[in-house]
Structure formats: structure tokens, C-alpha cells
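First residue of the sequence shown: 12, per the working numbering; consecutive thereafter. Virtual Cβ for every residue (Gly too), placed ideally from N, Cα, C. Okay, structure first, notes after.
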Amino acid sequence: MAQVELDGRVAVVTGAGGGLGRSHALALAARGAKVVVNDLGGARDGSGAGSEMADAVVAEIVAGGGEAVANYDSVATPDGGRAIVQTALDTFGRVDVVINNAGILRDVSFQKLEPDALDLVLKVHLYGAFNVTQAAWPHLREQEYGRIVSTASGSGLYGNFGQANYAAAKLGIVGLTRTLAIEGAKYGITANAIAPVANSRMTEDIMPPQLLERLQPEHVSPLVVFLASEGCADTGHVYSVGGGYLARVATVEGPGTTFDGVPTVDDIADRWDDINALPLGEGVGEFANLFEQTGRIITALGITFD
């Protein structure tokens with residue numbers, strides 16, 4: 012197989028000041044991409060701002076012989092999305108790859124979830140992916156080439172206690188990704204999503220140390236680089252990834268059942284088992300929540316806890 016290279020490509024990575032985003036930016040640069048390192052420089056909950064985080068990653072890339080520029084705009088507004096992409100155009104003359112990684116947490120049980128906490132999480136995750144991608148979209152279409160990789164989550168795919176806002180935003184990204192894949196196909200644009208499990212400031216206080224030690228961001232970034240490369244033509248897919256484990260995730264539908272005419276409520280009750288039937292092949296799982304799915308990854312990696 013040919014070496015995966017990104018020479019001449021320009022990549023925008025949001026939320027690239029630390030954790031997964033930093034790892035993605037470094038990995039893309041190592042394969043030859045010129046990188047816009049976007050980070051607002053705020054805290055995990057979205058408060059605050061600063062330039063130090065993005066600047067530090069740019070310095071790392073440059074020290075390694077790569078090319079990069081920092082951007083400190085927020086993904087949460089259309090103006091911010093346009094400014095991020097404009098940084099790529101002004102500095103490198105084009106944009107080829109969009110990595111939607113920026114995110115925040117405002118975890119709280121649904122009963123205590125305030126509208127502001129829902130709004131802010133949606134704006135950073137879902138609106139953020141929309142804003143940056145929409146700003147890049149005309150350029151990708153015009154050049155008939157583009158790669159979009161967005162960050163979903165097992166919380167969105169399977170649900171997780173205390174993350175109604177985050178889960179809603181992350182599953183929204185899956186729907187956005189699949190639609191971008193459909194609309195981008197004739198323009199040479201692919202769109203995929205990852206659902207990573209990794210050691211970052213998003214997870215540092217909710218996972219045991221033994222697990223965090225194994226789930227380094229560097230295990231996720233090779234998949235991002237491959238999806239961002241010209242050599243990968245797959246599109247509209249979602250991938251679970253972490254610690255060396257990789258698997259495609261798909262929305263599936265069972266064989267169902269059919270009624271002649273309008274079914275009564277009693278008809279539905281009588282055939283409820285048929286309606287719910289979801290035959291699954293070997294190795295294919297249906298998970299009740301994020302922890303069940305994470306358990307599969309832990310088992311696959313052979314991680315044990317004292």
C-alpha cells in the first residue's frame with residue numbers, strides 16, 4: 012500500500028490546543044499538511060480565552076519542520092467559523108481538510124439542565140462543526156476535493172447519564188456528517204465522524220487511571236489522518252476508536268413486520284417482539300449506554316483493574 016501523505020494539503024483543526032486536537036494537528040503536520048491550529052484557549056466548560064495553547068502547538072509543529080499558524084476564534088458563531096477558514100486562505104492560499112474537534116462539557120442531570128447549558132454545548136459542538144464546515148464548503152466544492160472529519164461520541168450514539176446536552180450535540184454531528192457525505196459526493200468531498208475514547212481534559216476525572224493510561228490521544232490521530240487523506244474514499248461513516256481499538260459503527264434496522272391496513276394498538280402489542288427483533292451477526296453489538304460500549308473496548312484491549 013502506498014504511503015499516506017498530505018503534502019500540499021491545508022488542514023484546519025479546531026480545538027487543537029490540547030488533547031485530541033493537538034495530537035491530530037501534530038500527526039497531520041508530520042504527514043506534510045500545513046495546519047491551522049484553532050483554539051479559543053478556554054477552560055473545559057467553555058469559559059475564558061487565551062492564545063497560549065494554540066501558540067504552543069504551532070511552535071511544536073514548526074520545531075519539527077512543519078508549517079502551521081494559530082487561530083483563536085470561536086467555532087460557536089458563523090463569523091468565527093469564517094474567520095478560521097479565512098486564516099487558512101490568507102496564510103496558505105487554500106483549505107483541503109476540516110477536522111471538527113472543538114468541544115466543551117457542561118455535564119448535569121437532565122432534571123437540572125438549564126437552557127443556557129444546552130445552548131452553549133450545542134453551539135460549540137454541533138453549530139461549531141456546521142459553522143467551520145460551511146465556511147470551507149464553497150472552496151472544497153470549487154476545487155472538487157475535500158476531507159471532513161468530525162468528532163462524535165459514544166455518548167451521542169448510546170447515551171450517557173448527565174450528558175443530555177452533549178449527547179444531543181454529538182448525535183447531531185452524525186446526522187450532519189451523513190448529509191455532508193451525500194451532498195459532497197459529486198464534488199470529491201468525503202465526510203466521516205469518529206467517536207473517540209481518549210485521555211483528555213474531557214475525560215481525565217471520569218475514567219480510572221489504568222484506563223486513561225492506555226487511551227492516549229495518539230491512538231486516535233492515525234485514523235483521523237487516514238480519513239483526511241486522498242487515499243481514503245470512504246464517506247458517511249462513523250468509527251469508534253481508542254487505545255488501539257477501531258470499529259465501524261452503523262445505524263441498523265431490523266426486518267420488522269407488516270400489517271394489512273391500519274394496525275390497532277392491540278395488533279402492535281401482539282407483535283411487539285417481531286417489531287423489536289434485531290438479528291445481529293457475530294461480533295456486532297447493541298449497547299444500552301456508553302458504559303456498555305466502553306466495556307467492549309476495555310475487553311478488546313485486555314485491560315484489567317485491580
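Continuous alpha helix (DSSP H) stretch holding residue i: start and end
i, result
"ILE286", "283-287"
"VAL106", "Looking at the DSSP string, VAL106 is not in any alpha helix (DSSP H), and its letter there is neither H nor E."
"ASN142", "139-154"
"VAL68", "63-74"
"ALA40", "30-41"
"ALA128", "126-133"
"VAL236", "232-238"
Rounded Cβ spacing between residue i and residue j (contact assumed at less than 8 Å)
i, j, result
"SER373", "PRO274", "Residue 373 lies beyond the stretch modelled for the chain, which goes from 12 to 317, so this question has no answer here."
"ALA2", "VAL86", "Only positions 12 to 317 of the chain appear in this structure, which leaves residue 2 out of reach."
"VAL235", "ILE205", "7 Å"
"ILE347", "VAL23", "In the structure as shown, the chain begins at 12 and stops at 317. Residue 347 is therefore absent and cannot be evaluated."
"ASN203", "THR246", "6 Å"
"VAL143", "THR25", "6 Å"
"ARG42", "VAL15", "6 Å"
"ARG253", "HIS230", "Per the sequence shown, the amino acid found at residue 253 is Gly instead of Arg. Yes, they are in contact, since the Cβ atoms of GLY253 and HIS230 sit about 6 Å apart, within 8 Å."
Close-in-space but distant-in-sequence residues of the same chain around residue i (CB under 6 Å, 5 per side omitted)
i, result
"GLY265", "ALA288 and LEU289"
"ASP66", "ALA81"
"ILE200", "LEU151 and GLY157"
"CYS243", "PHE237"
"TYR198", "ARG152 and GLU155"
Proximal residues to residue i (C-beta, below 7 Å), its chain only, five neighbours per side dropped
i, result
"MET12", "Bear in mind that a pLDDT of 49 at MET12, under 50, signals an unreliable position, so the number given afterwards is only what the model happens to contain. Excluding residues within five positions, none has a Cβ falling inside 7 Å."
"ALA175", "PHE121 and LEU124"
"LYS134", "ALA87"
"ALA140", "ASN111, SER161, ILE184 and LEU187"
"ASN171", "ALA178, ASN300 and LEU301"
"GLY173", "ASP118, VAL119 and SER120"
"LEU291", "GLU297"
Residue range of the unbroken beta strand (DSSP E) whose run includes residue i
i, result
"LYS45", "45-49"
"ARG259", "256-260"
"PRO207", "200-207"
"GLY253", "249-253"
"ALA81", "79-82"
"ALA311", "ALA311 -> not in any beta strand (DSSP E); alpha helix (DSSP H) instead, spanning 301-312."
"VAL23", "21-24"
Cβ-based neighbour list, residue i, same chain, cut-off 8 Å, excluding 5 preceding and 5 following
i, result
"ASP278", "PHE270"
"GLN304", "GLY165, LEU168, TYR169, SER251, GLY296 and PHE298"
"GLY52", "GLY28, GLY59, ALA60, GLY61, SER62, GLU63, MET64, ALA65 and TYR83"
"ARG105", "VAL21, ALA99, HIS150 and GLN154"
Chain C within 9 Å of residue i, Cβ atoms only
i, result
"ALA239", "Absent from the structure is chain C; it holds one protein chain and no more."
At what residue ranges does the region 159-205 contain a whole run of the alpha helix (DSSP H), taking only runs of 4 or more?
Within the region 159-205, complete alpha helix (DSSP H) segments of at least 4 residues are found at 165-169 and 175-195, given in chain order.
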